[in-house]
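These notes concern the structure reproduced below.
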Amino acid sequence: MSASAESRAAGKPVGAPLPVVTQAAVPFIEIETLRAKEFVPAAKEALSAMIAERGRGELTQPVFNWAGRNSLFPLHWGLACCAIEFAAAFGARWDAERFGVVPRSSPRQCDLMIVNGTVTWKVAHKLITLYEQMPEPKWVIAMGNCATGGGPFRTAYSVVPGVDKLVPVDLYIAGCPPRPEAMLDGILKLEELIRERKE
Amino acid sequence: MEAEFSAQVSARLGDRVAGIESFPGTLGRVRFRADAALDVFRSMRDDLAFDHLSMVGGIDWVDHREAFYVLWSDARRAYVILSADLPAQNPHIESATSIWPSANWHERETWELVDIHFDHHPDLRHLLMPDGYAFHPLLRSFKLHEPEELEVKTRNV
Numbered sequence: 488m489s490a491s492a493e494s495r496a497a498g499k500p501v502g503a504p505l506p507v508v509t510q511a512a513v514p515f516i517e518i519e520t521l522r523a524k525e526f527v528p529a530a531k532e533a534l535s536a537m538i539a540e541r542g543r544g545e546l547t548q549p550v551f552n553w554a555g556r557n558s559l560f561p562l563h564w565g566l567a568c569c570a571i572e573f574a575a576a577f578g579a580r581w582d583a584e585r586f587g588v589v590p591r592s593s594p595r596q597c598d599l600m601i602v603n604g605t606v607t608w609k610v611a612h613k614l615i616t617l618y619e620q621m622p623e624p625k626w627v628i629a630m631g632n633c634a635t636g637g638g639p640f641r642t643a644y645s646v647v648p649g650v651d652k653l654v655p656v657d658l659y660i661a662g663c664p665p666r667p668e669a670m671l672d673g674i675l676k677l678e679e680l681i682r683e684r685k686e
Numbered sequence: 022m023e024a025e026f027s028a029q030v031s032a033r034l035g036d037r038v039a040g041i042e043s044f045p046g047t048l049g050r051v052r053f054r055a056d057a058a059l060d061v062f063r064s065m066r067d068d069l070a071f072d073h074l075s076m077v078g079g080i081d082w083v084d085h086r087e088a089f090y091v092l093w094s095d096a097r098r099a100y101v102i103l104s105a106d107l108p109a110q111n112p113h114i115e116s117a118t119s120i121w122p123s124a125n126w127h128e129r130e131t132w133e134l135v136d137i138h139f140d141h142h143p144d145l146r147h148l149l150m151p152d153g154y155a156f157h158p159l160l161r162s163f164k165l166h167e168p169e170e171l172e173v174k175t176r177n178v
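One line per chain: the protein sequences are A and B, in this order.
Take the first sequence: its position 39, counting from 1, is numbered 526 in the numbering used here, and each next residue is one higher.
Take the second sequence: its position 140, counting from 1, is numbered 161 in the numbering used here, and each next residue is one higher.
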């Protein structure tokens, strides 16, 4: 029988002081510290073993790849009629932003260059400068037949026969010009490439 | 009107003009001697009231080259074409930029495409091609290069 029930049975008034609990309370923070003292070294050990076994890149790369492929920022520039399709893809009807693709006007904020149009020798070194200003990691999509291989102007005196002569290209989109659906499909294919990226 | 214009040109320019042919849509095509180019330009503007230079172009006829100028007169409301035959070797003619400033870019384009040199041009640089481009692509002697060959030649200049 507890002390309060005893006092109630004895007709003593309710509200008498409750008995003091004599067991010392352990502060919550102290419990966490105790756990951490055991857990952190164990976790460190396990992580070191995993890194030694599989390499640091294999553990962190999927995280970076996940973040990178879901927020591709293409460079906002247009060379020819493919740029009209590029612009349409970001309009209300196709709305490429739902894939996290947002065109940026500065190459220093971009990780994707979509070469959309005929590349002439006059603009070639400007294209290379823009590519070099983009921070790593970066990708290049050749959009349309002109950027892929010069298109109908392949043998012309002023046209670069394919932008892969100037910068490394990750993905080619066929079409003259490709429809916005094709461009979005290319971006999704590029996301699959980034998913497989090792480093 | 064309006969009247022809008489005026002959009176003003004399032997600096080699001949006047009829040309559809214009008052005629005036063939002038290239070494008298500046006199002809100034006379056309000041005496004959052709105050606007509409375009400058060049043609490669293999054995010689031709520079031509399309002029417009607000007073006459008519076009006229000036043309001069130039030798195939080292073709050059006086620049029209001191008479009509609009000649500037047209002459740059003519120089880079058909290799006619315009003397005393203020700024004879490439217009459509990159600096140091090795070819004059609208010459008949220009071959359509394989893309790789063009790339190598353009990159190495």
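We put the beta carbon where it would ideally sit given N, CA and C, even for glycine.
Between the beta-carbon of Val101/B and that of Val38/B there is about 12 Å, and that puts the pair past the 8 Å contact cut. Relative to Pro665/A, the option among Arg684/A, Cys569/A, Asp651/A, Trp553/A whose CA is nearest is Cys569/A. Around the CB of His73/B, fewer than 16 other CB atoms lie within 10 Å, so the residue is classed as exposed.
The three-state secondary structure of Glu679/A, taken from DSSP, is helix. Val77/B places its beta carbon less than 7 Å from that of His127/B. The beta carbons of Pro594/A and Met630/A sit no closer together than 7 Å. Val83/B sits in coil when the DSSP states are folded into three classes, being neither helix nor strand.
Rounded to the nearest angstrom, the gap between the Cα atoms of Asn125/B and Thr118/B is 6 Å. With fewer than 16 other beta carbons inside 10 angstroms of its own, Leu680/A counts as exposed. The beta carbon of Ser94/B is closer than 6 Å to those of Ala70, Phe71 in its chain, skipping five residues each way along the sequence. If the five residues before and after Leu59/B are omitted, its C-beta is found closer than 6 Å to the C-beta atoms of Glu115, all from its own chain and listed in chain order. Contact note: Trp608/A reaches chain B through Met150, Pro151, Tyr154, Thr175, using a C-beta cutoff of 8 Å and chain order. Spanning the alpha carbons of Pro549/A and Ser558/A requires a straight line of approximately 14 Å. For Leu165/B, the neighbours in chain A by C-beta distance under 7 Å run, in chain order, Thr642.
With fewer than 16 other Cβ atoms from the protein chains shown falling within 10 Å of its own Cβ, Phe526/A counts as exposed.
Using a C-beta cut-off of 8 Å, the region 608-625 of chain A makes no contact with the region 567-581 of chain A, since fewer than three inter-stretch Cβ pairs fall below that distance.
Taking a C-beta distance under 7 Å as the contact criterion, Asp106/B and His85/B qualify as a contact pair. The distance from the Cβ of Ile628/A to that of Leu599/A is about 7 Å, consistent with a contact at the 8 Å cut-off.
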